[in-house]
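Shown next, in structure tokens, is the structure this report addresses.
Number of protein chains: 2
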Amino acid sequence: MNTSLPAPNGSPTVEAATAAIRHLAEHGYEKTTAGELADAMGMSRSTFFRRFGSKEDVVFADHDLALAHLEQLLAEADDPAGEAVARGTVAVMHRLIRDADAARQRSELLKRTPSLRERELVITHRYERVFAGYLVRVASPGTPDWAPVALAAGLVAVHNAALRRWLRHDDARAISALERDLAALIARFAPWFGDEDRPSRVVVAAFDAEASSEEVLRALREQLG
Amino acid sequence: MNTSLPAPNGSPTVEAATAAIRHLAEHGYEKTTAGELADAMGMSRSTFFRRFGSKEDVVFADHDLALAHLEQLLAEADDPAGEAVARGTVAVMHRLIRDADAARQRSELLKRTPSLRERELVITHRYERVFAGYLVRVASPGTPDWAPVALAAGLVAVHNAALRRWLRHDDARAISALERDLAALIARFAPWFGDEDRPSRVVVAAFDAEASSEEVLRALREQLG
DNA sequence: AGTATGCCTGAGACTCAGTCCCGTTTCAAG
DNA sequence: CTTGAAACGGGACTGAGTCTCAGGCATACT
Chain V
0 MNTSLPAPNG SPTVEAATAA IRHLAEHGYE KTTAGELADA MGMSRSTFFR RFGSKEDVVF
60 ADHDLALAHL EQLLAEADDP AGEAVARGTV AVMHRLIRDA DAARQRSELL KRTPSLRERE
120 LVITHRYERV FAGYLVRVAS PGTPDWAPVA LAAGLVAVHN AALRRWLRHD DARAISALER
180 DLAALIARFA PWFGDEDRPS RVVVAAFDAE ASSEEVLRAL REQLG
Chain A
0 MNTSLPAPNG SPTVEAATAA IRHLAEHGYE KTTAGELADA MGMSRSTFFR RFGSKEDVVF
60 ADHDLALAHL EQLLAEADDP AGEAVARGTV AVMHRLIRDA DAARQRSELL KRTPSLRERE
120 LVITHRYERV FAGYLVRVAS PGTPDWAPVA LAAGLVAVHN AALRRWLRHD DARAISALER
180 DLAALIARFA PWFGDEDRPS RVVVAAFDAE ASSEEVLRAL REQLG
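Which chain is which? The protein sequence lines are V and A, in order.
Residue numbering for the first sequence follows numbering that gives the first Met the number 0, beginning at 0 and increasing consecutively.
Residue numbering for the second sequence follows numbering that gives the first Met the number 0, beginning at 0 and increasing consecutively.
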């Protein structure tokens with residue numbers, strides 16, 4: 000496991016990791032032994048394991064940076080919670096597609112390597128934990144237990160879907176689509192993570208003619224928290 | 000990887016797996032070699048790997064059964080989608096706590112073994128995929144892409160939280176609390192996964208007082224579309 | 001009865017990821 | 001120039017997972 004401190008972006012660690020991804024993408028993950036990979040990265044096998052912990056973790060090394068960035072962003076945020084997590088999600092997206100070539104190469108590598116896709120799930124879950132922790136911290140009183148973790152899971156899911164869309168067709172609109180989807184998702188959880196400083200709202204309710212009074216009241220109560 | 004067909008519940012495979020969990024919980028996961036584990040399960044090392052694929056997978060062997068059960072349940076469901084996924088989630092919960100001793104022993108084992116907790120994330124994700132696939136299939140037309148996957152993630156998150164609560168204090172009310180939380184979660188996504196046979200809806204939209212007319216109209220159009 | 005066929009098993013050799021230890025290099029502080 | 005810490009390379013070692021081969025055991029066929 001890589002327990003090293005987060006390294007700056009132009010760091011030799013990051014460069015070595017992208018070199019590793021390139022080599023693995025070109026030569027195949029299973030076919031490449033740790034020794035060969037270390038050679039291609041210009042270091043000994045010992046140093047490789049010391050720096051990156053494992054053959055799997057080297058593929059996701061930059062996620063450590065993105066994750067640290069996200070944590071800092073959320074810690075400093077003074078927005079309403081909904082906007083802060085939306086900004087954070089978009090920031091992670093930006094960071095992951097900053098180097099488009101590297102992003103595509105990793106995607107290719109993942110597509111052809113089931114074990115790495117499984118590892119990706121573990122990495123991804125760290126973001127979920129960070130989001131959920133932040134949301135628990137800032138949730139309005141009375142928020143149910145499941146809301147932060149459900150929203151956090153949704154954020155990551157929406158982000159991943161947007162990333163996949165971006166990878167399929169290099170659409171510059173992927174980011175704005177992501178922002179739109181995030182807003183819609185967060186709106187589902189609005190009563191708990193909205194802006195408590197500006198609580199005035201206008202409620203517009205549309206009811207089916209056959210809706211019973213109970214249904215109307217229940218829905219209103221949920222919206223109004 | 001275990002690619003064997005789903006085995007019946009009293010099967011020697013299942014019994015061997017629970018024996019394995021017991022042994023690992025008592026002797027420690029890392030300290031137990033595959034050979035020792037196979038001995039404790041009454042089979043050779045070769046047979047162990049043939050039957051269970053890996054040392055990690057043997058701990059989650061029964062999830063294959065629960066997952067198959069869930070898939071069948073969803074395939075046969077003719078409820079509204081929201082109720083079907085709620086029933087499915089509760090069914091999985093029931094299955095996992097049916098043998099309370101085994102559930103607790105696995106929980107203890109996971110608590111002390113980080114690598115198994117990471118593996119658990121991968122296993123858990125399979126449920127997410129099953130839910131999301133079903134929800135995509137039955138979603139009303141016009142449902143945004145992110146909704147099924149976000150709801151699926153939320154279902155799993157709520158389930159896991161309920162399971163953890165049940166493990167902490169053996170509360171019989173854990174199940175009813177789970178049902179309540181699921182209903183509240185699903186209500187957040189109601190317009191897309193409600194009952195299309197009874198299309199009456201209750202749409203409640205809350206806007207900031209400063210929202211422009213365009214924003215209000217756009218949001219309403221999305222809801223009513 | 002004898003035999004052929006297919007399946008599951010156990011045994012052992014083999015590859016390779018990851019750990020550990022030890023001696024060497026590097027480099028900055030004194 | 002000396003010293004001490006930190007990174008490095010080399011190489012031995014453990015253990016997971018794969019693979020091959022040979023034997024046991026049942027059912028089916030003649």
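Yeah, the Cβ is synthetic: ideal placement off N, Cα and C, and Gly gets one too.
{"Check": "Taking C-beta pairs closer than 9 Å, name the residues in chain V that VAL226/A reaches, listed in chain order.", "Outcome": "It is not possible to answer for residue 226/A, since the shown part of chain A is limited to 0 through 224."}
{"Check": "Check this for me: beta carbons of LEU115/V and VAL58/V, under 7 Å apart or not?", "Outcome": "yes"}
{"Check": "Measuring CB to CB, does ALA65/V end up less than 7 Å from VAL91/V?", "Outcome": "yes"}
{"Check": "If you measure from the beta carbon of ARG125/V to each beta carbon in chain A, is any gap under 7 Å?", "Outcome": "no"}
{"Check": "So, at 6 Å on beta carbons, what are the nonlocal neighbours of ALA80/V in its own chain, with the 5 sequence-adjacent residues on each side left out?", "Outcome": "VAL137, PHE192"}
{"Check": "Using the three-state DSSP reduction, which class does ARG197/A fall into: helix, strand or coil?", "Outcome": "Low local confidence applies: a pLDDT of 45 at ARG197/A is under 50, so the model's placement there is unreliable, with the coordinate-based value given in what follows. Coil."}
{"Check": "Can you list the residues of chain V that TRP145/A reaches, using a CB-CB cut of under 8 Å?", "Outcome": "GLY153, ALA156, VAL157, ALA160, ASP180, ALA183, LEU184"}
{"Check": "Does any CB atom of chain V fall closer than 7 Å to the CB of ARG187/A?", "Outcome": "yes"}
{"Check": "Give the secondary structure of ASP100/A by DSSP, where H, G and I count as helix, E and B as strand, and everything else as coil.", "Outcome": "helix"}
{"Check": "Mapping DSSP to helix, strand and coil, what is PRO143/V?", "Outcome": "coil"}
{"Check": "Report the rounded CA-to-CA distance for GLU25/A versus THR32/A, giving the unit in angstroms.", "Outcome": "13 Å"}
{"Check": "Thinking C-beta only, is GLY153/V closer than 7 Å to ARG184/V?", "Outcome": "Before going further, note that residue 184/V is Leu rather than Arg in the sequence given. Yes."}
{"Check": "DSSP three-state label for ALA16/A, please.", "Outcome": "helix"}
{"Check": "For the alpha helix (DSSP H) that contains GLY34/A, what are its first and last residues?", "Outcome": "33-39"}
{"Check": "On the three-pair Cβ rule with 8 Å, is the segment 157-171 of chain A touching the segment 98-106 of chain A?", "Outcome": "yes"}
{"Check": "Where in the segment 120-180 of chain V do unbroken runs of the alpha helix (DSSP H), each at least 4 residues long, occur, reported from the N-terminal end onward?", "Outcome": "145-167"}
{"Check": "In angstroms, rounded to a whole number, what distance separates the CA positions of ARG49/V and GLU35/V?", "Outcome": "16 Å"}
{"Check": "Quick one: Cα of HIS62/A to Cα of ARG118/A, how far?", "Outcome": "12 Å"}
{"Check": "Keeping to the same chain, check which residues put their C-beta closer than 7 Å to that of ALA76/A; ignore five residues upstream and five downstream.", "Outcome": "ALA83"}
{"Check": "Does VAL135/A have its Cβ less than 7 Å from a Cβ in chain V?", "Outcome": "no"}
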